[in-house]
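Novice:
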Amino acid sequence: MSSKQKRNAKQGFWSRLNARGKMYFVLGICCAVVFVTSLVAFLIVHGLSLPAGDSADSQGTEAMVDEQGYDKDQNTIDTAQYTSTILEQSDDAGQEYVDETLFLGDSNTVRMRRSHYCTYDNAIGSVGMSARSLATYECVKFQGISGYKTMPEAVAIMQPRRVIITFGTNDLSPSNSTDNFIASYEKGIKAVQEAYPSVDIIINSIPPLGKQHSNESLTQTQVDEYNKAIVEMCQENDWKFLNSAEVLKDSSTGYAKSGYVVSDGIHLTSEAMDALFEYIRTHSYITEDDRPTLTSVPKHIEDKDVSSNSAATDVTTTPSSSSSTSSSSEVQATETPT
1206 MSSKQKRNAK QGFWSRLNAR GKMYFVLGIC CAVVFVTSLV AFLIVHGLSL
1256 PAGDSADSQG TEAMVDEQGY DKDQNTIDTA QYTSTILEQS DDAGQEYVDE
1306 TLFLGDSNTV RMRRSHYCTY DNAIGSVGMS ARSLATYECV KFQGISGYKT
1356 MPEAVAIMQP RRVIITFGTN DLSPSNSTDN FIASYEKGIK AVQEAYPSVD
1406 IIINSIPPLG KQHSNESLTQ TQVDEYNKAI VEMCQENDWK FLNSAEVLKD
1456 SSTGYAKSGY VVSDGIHLTS EAMDALFEYI RTHSYITEDD RPTLTSVPKH
1506 IEDKDVSSNS AATDVTTTPS SSSSTSSSSE VQATETPT
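Structure, rendered in structure tokens:
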């Protein structure tokens, strides 16, 4: 067919359409363009993105950072100076010891439940929570009690024999000095002590970071500085210090052992939890149980996440530096890593 014939054929098709047919024809062309454009956009966003891997342990395509100039020997803890404070190795206290201990902390405490070492009966974890929020952040929900309670209030309600408290990852920030961190942490711990004076208090070390991790505001140097200050705080207040970082760290690098942090370089893996809880059981602190007659404990049903102000189900949230109740760390501060 010649070019002239083709042109005549096209003109004939258009001329044969009435006004309504022309309208539908143009509408069909427009719909086809919209469909193709939407399909391309979908493929770009979803089909061409890198796989995020295991949603519980992955930060997706977060850029990883590598700390420069870290000296693993700069802030080592001289255990000989704190023999009455640092918990020494003991016989394995068994699962009973874990069950009668209440764990308080951030996203890594949430992970304790996910790893089935704890349940809502003996763990309170708020993703994105920092030490400076310990005294005031209302994040614990009980069945039959309206509203949320702070962790100190929850300790009084749950009446545990002892607490193991793990905060600090979400307080890591170039702008947060060690003195400020300790002052706020001490205030929160004292609030727990005042809420339930019979409880034995154990402060756990901040877990180590991976050599590479997903938040440039976090450094292992500051983790070490904070931990050294925590043990001093414990000695001054007659609290016990659980030096669990020593079993989670690679002694040759000072960072977390291989396989002990997930892909974000911040949160602990199940393998790390295995090592952590063996350490907890074999560095036990058991005193005479002087608690008053225990009352009925309402069912603990929920912990509120600082990051999204909702139930803490996601333990891989990335941090934000703008929150006043959490810092620029692991989980919204994140609350981590924690």
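Residue numbers (the working numbering): 1206 to 1543. Backbone N, C-alpha and C define an ideal beta-carbon position, used for all residues, glycine too. All values reported here derive from a predicted model rather than from experimental measurement.
#1: Please identify the residue among K1504, D1429, K1346 whose C-alpha is closest to the C-alpha of A1546.
#2: So, H1488 versus Q1294, is the Cβ gap smaller than 9 Å?
#3: Nearest CA to the CA of T1281: which residue from P1402, Q1425, I1370?
#4: Whole angstroms are fine: how far does the CA of I1350 sit from the CA of H1505?
#5: Around the Cβ of N1432, are there at least 16 other Cβ atoms within 10 angstroms (buried) or fewer (exposed)?
#6: Nearest-angstrom Cα distance between E1507 and A1450?
#7: Are the CB atoms of D1469 and N1420 nearer to each other than 9 Å?
#8: Would the beta-carbon of I1370 fall within 9 Å of that of L1292?
#9: Looking only at its own chain, which residues have a Cβ that is under 8 Å from the Cβ of V1250, when we skip the five neighbours before and after it?
#10: In whole angstroms, what separates the C-alpha of Y1322 from that of F1482?
#11: Is the separation between the beta-carbon of I1329 and that of A1359 shorter than 9 Å?
#12: Leaving out five residues on either side along the sequence, give the residues of the same chain with a beta carbon under 7 Å from the beta carbon of G1459.
#13: Which term fits N1385, buried or exposed, when burial requires 16 or more other beta carbons within 10 angstroms of its beta carbon?
#14: How do the stretch 1332 to 1346 and the stretch 1394 to 1408 stand: do at least 3 beta-carbon pairs fall below 8 Å, yes or no?
#15: What ranges does the beta strand (DSSP E) occupy inside the stretch 1437 to 1468, keeping only unbroken runs of at least 3 residues that lie completely in it?
#16: Straight-line CA distance for M1478 to P1503?
#17: How close, in whole Å, do the beta carbons of F1372 and S1335 come, if the pair is a contact with beta carbons under 8 Å?
#18: Relative to the C-alpha of Q1279, which residue among A1298, H1418, Q1427 is closest?
#19: Measure the C-alpha to C-alpha separation of A1237 and M1228 and round it to an integer number of angstroms.
#20: Are F1446 and Y1287 closer than 9 Å when you measure CB to CB?
#21: Assuming R1496 and A1298 are in contact, meaning their beta carbons sit under 8 Å apart, how far apart are those beta carbons, in whole angstroms?
#22: Select from D1455, Y1484, A1434, L1423 the residue whose C-alpha is nearest the C-alpha of P1379.
#23: With N1280 as the anchor, note down where its beta strand (DSSP E) starts and where it stops.
#24: In angstroms, rounded to a whole number, what distance separates the CA positions of D1296 and N1448?
#25: Going by DSSP, which residues form a beta bridge with E1343?
#26: Opposite R1367 in the DSSP bridges: which residues?
#27: What residues in its chain sit with their C-beta under 7 Å from that of Y1401, if we drop five residues either side in the sequence?
#28: Quick check on L1481: does DSSP put it in helix, strand or coil?
#29: Can you give me the C-alpha to C-alpha distance between K1454 and H1418, rounded to a whole angstrom?
#30: Helix, strand or coil for E1493, going by three-state DSSP, please let me know.
#31: Identify the continuous alpha helix (DSSP H) that holds D1508 and give its terminal residues.
#32: So for T1266, helix, strand or coil by DSSP?
#33: So for D1311, helix, strand or coil by DSSP?
#34: Nearest to W1444 by CA position, among T1500, E1343, T1290, T1355, is which residue?
Specialist: Reading off the structure:
#1: The chain is shown from 1206 up to 1543; residue 1546 falls before or after that span and cannot be answered.
#2: Indexing the sequence shown from 1 puts residue 1488 at position 283. Indexing the sequence shown from 1 puts residue 1294 at position 89. Yes. Within cutoff.
#3: Start at 1 with the first residue of the sequence shown, and residue 1281 comes out as number 76. Nearest C-alpha to T1281: Q1425.
#4: Indexing the sequence shown from 1 puts residue 1505 at position 300. Indexing the sequence shown from 1 puts residue 1350 at position 145. Rounded to the nearest angstrom, the two C-alpha atoms are 10 Å apart.
#5: Taking the sequence shown and counting its residues from 1, the one referred to as residue 1432 is at position 227. By the neighbour-count rule (16 or more Cβ atoms within 10 Å), N1432 is buried.
#6: Locating residue 1507 in the sequence shown gives position 302, counting from the first residue. Locating residue 1450 in the sequence shown gives position 245, counting from the first residue. Cα-Cα distance, rounded: 28 Å.
#7: Taking the sequence shown and counting its residues from 1, one reaches residue 1469 at position 264. Taking the sequence shown and counting its residues from 1, one reaches residue 1420 at position 215. Closer than 9 Å, so yes.
#8: As a first step, residue 1370 must be located in the sequence shown, where it is residue number 165. As a first step, residue 1292 must be located in the sequence shown, where it is residue number 87. Against a cut-off of 9 Å, the Cβ pair of L1292 and I1370 comes out as no contact.
#9: Counted from its first residue, the sequence shown places residue 1250 at position 45. Reliability fails at V1250, whose pLDDT of 40 lies under 50, so the model's placement of it is uncertain and the value that follows must be treated cautiously. Contacts found: none.
#10: Working through the sequence shown from its first residue, we reach residue 1322 at position 117. Working through the sequence shown from its first residue, we reach residue 1482 at position 277. Each residue's Cα considered, the two are about 8 Å apart.
#11: Here residue 1329 refers to the residue found at position 124 when the sequence shown is read from its first residue. Here residue 1359 refers to the residue found at position 154 when the sequence shown is read from its first residue. Against a cut-off of 9 Å, the Cβ pair of A1359 and I1329 comes out as a contact.
#12: Working through the sequence shown from its first residue, we reach residue 1459 at position 254. Once the five neighbours on either side are set aside, the close Cβ partners of G1459 are Y1275, K1277, Q1425.
#13: In the sequence shown, residue 1385 corresponds to position 180, counting from 1. Exposed, because fewer than 16 other Cβ atoms sit within 10 Å of the Cβ of N1385.
#14: yes
#15: 1445 to 1447
#16: Here the question's residue 1478 lines up with position 273 in the sequence shown. Here the question's residue 1503 lines up with position 298 in the sequence shown. If you take the alpha carbons of M1478 and P1503, they lie about 28 Å apart.
#17: For the purposes of this step, residue 1372 is taken as residue 167 along the sequence shown, with counting starting at 1. For the purposes of this step, residue 1335 is taken as residue 130 along the sequence shown, with counting starting at 1. Going by Cβ atoms, the distance from F1372 to S1335 rounds to 7 Å, so yes, they are a contact pair.
#18: One-based indexing of the sequence shown puts residue 1279 at position 74. Of the listed residues, the one whose Cα sits closest to Q1279 is Q1427.
#19: Start at 1 with the first residue of the sequence shown, and residue 1237 comes out as number 32. Start at 1 with the first residue of the sequence shown, and residue 1228 comes out as number 23. So the alpha carbons of these two residues sit roughly 14 Å apart.
#20: Reading the sequence shown from its first residue, position 241 is the one you call residue 1446. Reading the sequence shown from its first residue, position 82 is the one you call residue 1287. Against a cut-off of 9 Å, the Cβ pair of Y1287 and F1446 comes out as a contact.
#21: The count along the sequence shown starts at 1 and reaches residue 1496 at position 291. The count along the sequence shown starts at 1 and reaches residue 1298 at position 93. Actually they do not touch by this definition, with Cβ atoms about 18 Å apart.
#22: Counting from one through the sequence shown, the residue named residue 1379 turns up at place 174. Nearest option by C-alpha distance: L1423.
#23: The residue given as residue 1280 occupies position 75 in the sequence shown. Note, N1280: premise wrong, no beta strand (DSSP E); not H, not E.
#24: By 1-based counting over the sequence shown, the position of residue 1296 is 91. By 1-based counting over the sequence shown, the position of residue 1448 is 243. When rounded, the distance between both Cα atoms is 16 Å.
#25: What you label residue 1343 is simply residue 138 of the sequence shown in a count that begins at 1. Paired residue(s): T1355.
#26: Here the question's residue 1367 lines up with position 162 in the sequence shown. Answer by DSSP bridge pairing, in chain order: T1306, D1405.
#27: Within the sequence shown, the letter at position 196 stands for residue 1401. If we look at Y1401 and ignore the five residues flanking it on each side, its Cβ neighbours are V1360, A1361, Q1364.
#28: As a working mapping, residue 1481 is identified with position 276 in the sequence shown. Helix.
#29: Residue mapping note: residue 1454 aligns to position 249 of the sequence shown, counting from 1. Residue mapping note: residue 1418 aligns to position 213 of the sequence shown, counting from 1. Each residue's Cα considered, the two are about 15 Å apart.
#30: Here residue 1493 is taken as the residue at index 288 of the sequence shown, counted from 1. Coil.
#31: Here residue 1508 corresponds to residue number 303 of the sequence shown, with the count starting at 1. Premise fails: D1508 lies in the beta strand (DSSP E), 1505 to 1508, not in any alpha helix (DSSP H).
#32: As a position in the sequence shown, residue 1266 is number 61, starting the count at 1. Residue placement at T1266 is poorly supported in this model, since its pLDDT is 44, which falls under 50; the coordinates still yield a value, given next. Residue state, collapsed to three classes: coil.
#33: Within the sequence shown, the letter at position 106 stands for residue 1311. Here D1311 sits in coil by DSSP.
#34: Here residue 1444 refers to the residue found at position 239 of the sequence shown. That would be T1290, whose Cα lies nearest to the Cα of W1444.
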